[in-house]
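Here's the structure we're looking at; comments come further down.
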């Protein structure tokens, strides 16, 4: 009986070591995310993104606008915000293993536009993984249609 316990323990230890002790690779989590796949399929494209860290109040604020290129549900929009939070608000160790979210509030003010037009489809204020009510004070935090990231090519 004692011998079987030893064999069992060796088997369990081997399985744990082969599985990497349950760690998850952040890069793989990002590349496997539904929003990444939707991006690759041309469903959406980032129009504007600006990240601000307000350390004194423990908050990270991301202002985002998205061009919706193909049909997208509100759940799909939430997937994009979850993806952005994963990319920007995650901690990892030196090996790239996901350690969890940073110990601060992550707020995203997102606007979704129809294609390359200025027609607004949806505004979402996203705080720590959830859509919350947009207040009057929040309105100025959202990116207008004129705001876009411009790639400047060097000559």
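Numbering (our numbering), first residue to last: 1019 to 1173. Every residue, glycine too, gets a C-beta built ideally from N, C-alpha and C. Keep in mind that this is a model prediction, so the values were computed, not measured.
| Item | Value |
| --- | --- |
| For the beta strand (DSSP E) containing residue 1149, list its first residue and its last residue. | 1148–1150 |
| Within the same chain, show all residues whose beta-carbon is closer than 7 Å to that of residue 1098, passing over the 5 residues directly before and after it, in chain order. | 1053, 1062, 1084 |
| Using the Cα positions of residue 1153 and residue 1128, report the straight-line distance between them to the nearest angstrom. | 14 Å |
| Note the first and the last residue of the continuous alpha helix (DSSP H) segment covering residue 1110. | Looking at the DSSP string, residue 1110 is not in any alpha helix (DSSP H); the run it does join, the beta strand (DSSP E), is 1108–1110. |
| Do residue 1066 and residue 1166 come within 9 Å of each other at the CB atom, strictly closer than that value? | yes |
| So the candidates are 1089, 1113, 1092; which of them puts its Cα closest to the Cα of residue 1046? | 1113 |
| Can you tell me the Cα-Cα spacing of residue 1126 and residue 1111, whole angstroms? | 25 Å |
| For residue 1122, I'd like the list of residues in its chain whose CB is within less than 7 Å of its CB, leaving aside the five on either flank, ordered along the chain. | 1076, 1077, 1078 |
| Assign residue 1159 to one of three DSSP states: helix, strand, or coil. | helix |
| Three-state secondary structure (DSSP) at residue 1072? | strand |
| For the beta strand (DSSP E) holding residue 1140, just list the boundary residues, first then last. | 1138–1145 |
| For residue 1108 and residue 1134, what's the separation of their Cα atoms in angstroms? | 30 Å |
| Whose C-beta lies closer than 7 Å to the C-beta of residue 1104 among residues of the same chain, with five residues either side of it excluded? | 1047, 1048, 1051 |
| Please classify residue 1150: is it buried, with 16 or more other beta-carbons within 10 angstroms of its beta-carbon, or exposed? | exposed |
| On a Cα-Cα basis, can you pick out the residue from 1088, 1139, 1081, 1090 that is closest to residue 1145? | 1081 |
| Please classify residue 1143: is it buried, with 16 or more other beta-carbons within 10 angstroms of its beta-carbon, or exposed? | buried |
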